[in-house]
Amino acid sequence: MARFPEGFLWGGATAANQYEGGWNEGGKGLSVADCTTYKPNVDKGDYRALHGITNDDILASEASTDTHQYPKRHGVDFYHRWREDIDLLAEMGFKTFRLSIQWTRLFPTGTEEEPNEAGLQFYEDVLTYLRSNNIEPLVTLHHYEQPVYLADHYDGWYDRRVIDLFVRFAKTCFEHYGHLVKYWLTFNEIDSVFRHPWTTIGFCEERYPAEQREEMVYQSVHNQFVASALATKLLHQMVPGAQMGCMLTKTTTYPLNCDPRNMLKAQANNRENLYYADVQARGHYPQWIKNYWERSGIHVDFGTNDEEILAQYPVDFVSFSYYMSMVDSIDAAQREKVGGNLATGVKNPFLDTSDWGWQVDSDGLHYSLIELWDRYEKPLFIVENGLGAHDTIDEDGKIRDDYRIAYFRDHINAIADAIADGVEVMGYTPWGCIDLVSMSTCEMSKRYGFVYVDLDDEGNGTYDRMRKESFYWYQRVIATNGEELDWGM
Ligand code: BGP
4 MARFPEGFLW GGATAANQYE GGWNEGGKGL SVADCTTYKP NVDKGDYRAL
54 HGITNDDILA SEASTDTHQY PKRHGVDFYH RWREDIDLLA EMGFKTFRLS
104 IQWTRLFPTG TEEEPNEAGL QFYEDVLTYL RSNNIEPLVT LHHYEQPVYL
154 ADHYDGWYDR RVIDLFVRFA KTCFEHYGHL VKYWLTFNEI DSVFRHPWTT
204 IGFCEERYPA EQREEMVYQS VHNQFVASAL ATKLLHQMVP GAQMGCMLTK
254 TTTYPLNCDP RNMLKAQANN RENLYYADVQ ARGHYPQWIK NYWERSGIHV
304 DFGTNDEEIL AQYPVDFVSF SYYMSMVDSI DAAQREKVGG NLATGVKNPF
354 LDTSDWGWQV DSDGLHYSLI ELWDRYEKPL FIVENGLGAH DTIDEDGKIR
404 DDYRIAYFRD HINAIADAIA DGVEVMGYTP WGCIDLVSMS TCEMSKRYGF
454 VYVDLDDEGN GTYDRMRKES FYWYQRVIAT NGEELDWGM
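Residues in the sequence shown are numbered from 4 upward in steps of one, following my numbering.
The structure is reproduced here in structure tokens:
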């Protein structure tokens with residue numbers, strides 16, 4: 004019996020802000036990602052240093068045209084190389100390709116009444132070319148790409164008016180691309196608002212009194228929940244048959260041991276992570292979060308019909324990123340830590356870690372798929388998974404990324420095991436299928452791709468693309484619908 008269903012959507016994932024470049028071309032406005040800087044000397048586990056941004060940082064970035072300090076501004080130049088890249092994806096046999104549409108390419112400040120024609124045309128060309136190569140686009144509407152103008156003049160997502168501005172952007176995308184795109188995602192890793200509020204909700208903490216920040220973040224993500232439901236409603240009305248997914252960072256947390264207190268702590272971590280998908284997939288907030296707000300004196304403004312909107316327009320499927328698993332314990336402060344773009348956690352003695360300290364755990368993906376299926380009973384889509392690593396070009400010009408092949412082989416086997424356990428999985432789009440700029444560190448040296456890009460952390464290089472060994476391996480995996488994973492090992 005086949006391990007993967009016919010039509011399983013094998014592919015890869017990118018995000019415009021880390022991939023496109025062309026940051027100020029074609030009428031595009033400044034996005035929050037264009038303000039994030041390359042931080043080579045920051046401890047990768049020092050979360051706040053990695054993602055923190057000050058008001059001065061923002062003003063300096065708005066006044067600067069530099070791209071070396073702001074690597075996401077150049078990405079790996081998909082903006083000019085999109086045909087070449089899509090040809091490479093087609094060569095691998097991709098069935099789907101995850102990309103995002105930059106809000107600021109269509110609406111430079113987010114407030115314009117009419118979209119920017121050059122931006123509309125760019126995505127029309129890209130999406131049409133994908134379809135002409137029989138590649139199903141999977142489009143993320145908001146992947147850390149909010150207009151800086153909204154951050155500066157609408158307090159990011161805190162101002163409720165941003166809901167309507169986002170809905171205008173979503174409606175424009177459905178009008179222009181509904182005939183090309185069946186699968187949509189609203190907010191990338193919507194749960195990351197407290198980890199890096201600038202990239203997710205355009206919220207620069209320094210700009211607001213410390214005692215107001217937590218409430219403002221909860222209000223902002225509530226506004227995103229409402230915007231997600233309204234976009235889902237519109238999509239169903241405007242594009243019959245199209246499907247909307249939510250997108251969660253799946254930060255599966257294990258208890259360090261069988262001490263019941265550690266079990267309770269891990270459960271609390273997992274509930275805190277899952278509630279973001281709860282609201283979008285179930286259509287209501289879990290009571291525990293409302294109890295927490297009441298205990299904490301947090302007041303979140305619900306619009307007159309918000310609860311009805313959330314209940315009426317839940318997403319059609321649940322997508323998520325999975326890189327690593329976490330460990331927690333009641334005495335975590337005294338325990339050895341590991342790093343990660345999610346947050347530092349207690350070291351798991353049974354797992355190896357990546358060069359960036361991420362704990363590699365394919366069984367955790369099997370576990371997470373079962374957990375999400377049992378919780379939501381909606382189709383699941385793994386829209387990010389992968390190994391950020393230092394790749395080298397050997398004397399003979401080959402890039403022998405066997406470590407990445409091993410990572411993917413184990414995680415694809417885990418998906419097959421979950422499917423055998425009754426989980427419905429729509430597809431699998433490994434992250435950074437072509438090397439691109441790291442979200443957390445703005446490095447190029449943290450490579451994820453099946454395709455190598457000749458560019459270094461300082462922005463030096465030809466941008467030329469080169470096939471890694473994993474390119475040919477994944478080509479075989481797709482050609483055999485996931486049956487042949489040991490080819491070339
Ligand atoms: C996720 C983001 C992606 C991607 C990935 C890898 O949080 O959704 O945009 O960047 O992390 O993280 P990094 O690029 O920091 O290695």
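Glycine residues also receive a C-beta, built at the ideal position from the N, C-alpha and C atoms.
Limits of the unbroken alpha helix (DSSP H) element including residue i
i	result
W291	Q290 to S299
S103	No alpha helix (DSSP H) contains S103, which is instead part of the beta strand (DSSP E) from T99 to S103.
R468	Counting along the chain, R468 falls outside any alpha helix (DSSP H), though it belongs to the beta strand (DSSP E) covering R468 to R470.
Y152	V151 to H156
T235	A213 to M241
Y50	Y50 to H54
V165	R164 to Y180
Y455	First-last for Y455: V454 to V456, but that is the beta strand (DSSP E), not the alpha helix (DSSP H).
P263	P263 to A280
E65	N58 to A66
Residue burial classification, residue i (beta-carbon count within 10 angstroms, cutoff 16)
i	result
I396	exposed
N276	buried
N388	buried
K293	exposed
E267	For clarity, residue 267 is Leu in the given sequence; the question names Glu instead. Exposed, by the Cβ-count rule.
N344	Note that N344 scores 49 on pLDDT, short of 50, meaning its location in the model is unreliable; the coordinates nonetheless yield the value given after this. Buried.
C176	buried
C3	As shown, the chain starts at 4 and ends at 492. That puts residue 3 outside it, with no answer to give.
C261	exposed
Q283	buried
W500	In this structure the chain extends from 4 to 492, so residue 500 is not present and cannot be described.
K31	buried
E65	exposed
M442	buried
CB of residue i within 8 Å of CB of residue j, strictly
i	j	result
V229	L313	yes
S322	G248	yes
L391	K449	Here residue 391 is Gly; the residue named in the question, Leu, does not match the sequence. Yes; because the gap between Cβ atoms is below 8 Å, this pair is in contact.
F190	H145	yes
A271	L251	no
I418	I373	no
G96	I481	yes
D364	L375	no
G122	G205	no
Y221	I301	yes
K253	F320	no
R479	E472	no
P150	S34	yes
S332	L259	yes
L237	V184	no
Residues bridged to residue i [DSSP beta-bridge criterion]
i	result
I138	BP columns for I138 are empty, so no partner.
P352	In DSSP, P352 forms no bridge with anything.
P247	Correcting the residue identity first, residue 247 is Met in this sequence and not Pro. Bridge partners of M247: W187.
I387	A small fix is needed here, since residue 387 is Glu in this sequence, not Ile. Paired residue(s): S324.
A16	R101 and W434
H145	F190
F362	The sequence shown places Gln at residue 362, not Phe. DSSP lists T356 as partners of Q362.
A335	According to DSSP, A335 bridges with nothing at all.
Pairwise C-alpha distance: residue j and residue i
i	j	result
M447	T39	14 Å
H287	R84	42 Å
I415	D405	15 Å
R108	D334	47 Å
I104	P200	20 Å
G10	G452	23 Å
T235	G244	12 Å
R407	D467	21 Å
N20	S67	17 Å
G15	V456	16 Å
V45	G55	11 Å
W106	E148	7 Å
F554	Y161	Since the displayed the chain opens at 4 and closes at 492, residue 554 lies outside it and no answer follows.
E115	H156	14 Å
R171	P43	38 Å
P140	F100	5 Å
S328	I422	20 Å
W490	D399	21 Å
V79	P212	38 Å
M241	E214	42 Å
L153	H393	36 Å
Span of the beta strand (DSSP E) around residue i
i	result
T203	No beta strand (DSSP E) contains T203, which is instead part of the alpha helix (DSSP H) from P200 to I204.
V330	M329 to D331
T112	Premise fails: T112 is in no beta strand (DSSP E) and is neither H nor E.
T256	T256 to P258
Proximity test, residue i beta-carbon vs the ligand SAM heavy atom, cut-off 7 Å
i	result
N226	By its list of ligands, the structure shown excludes the ligand SAM, since it contains just the ligand BGP.
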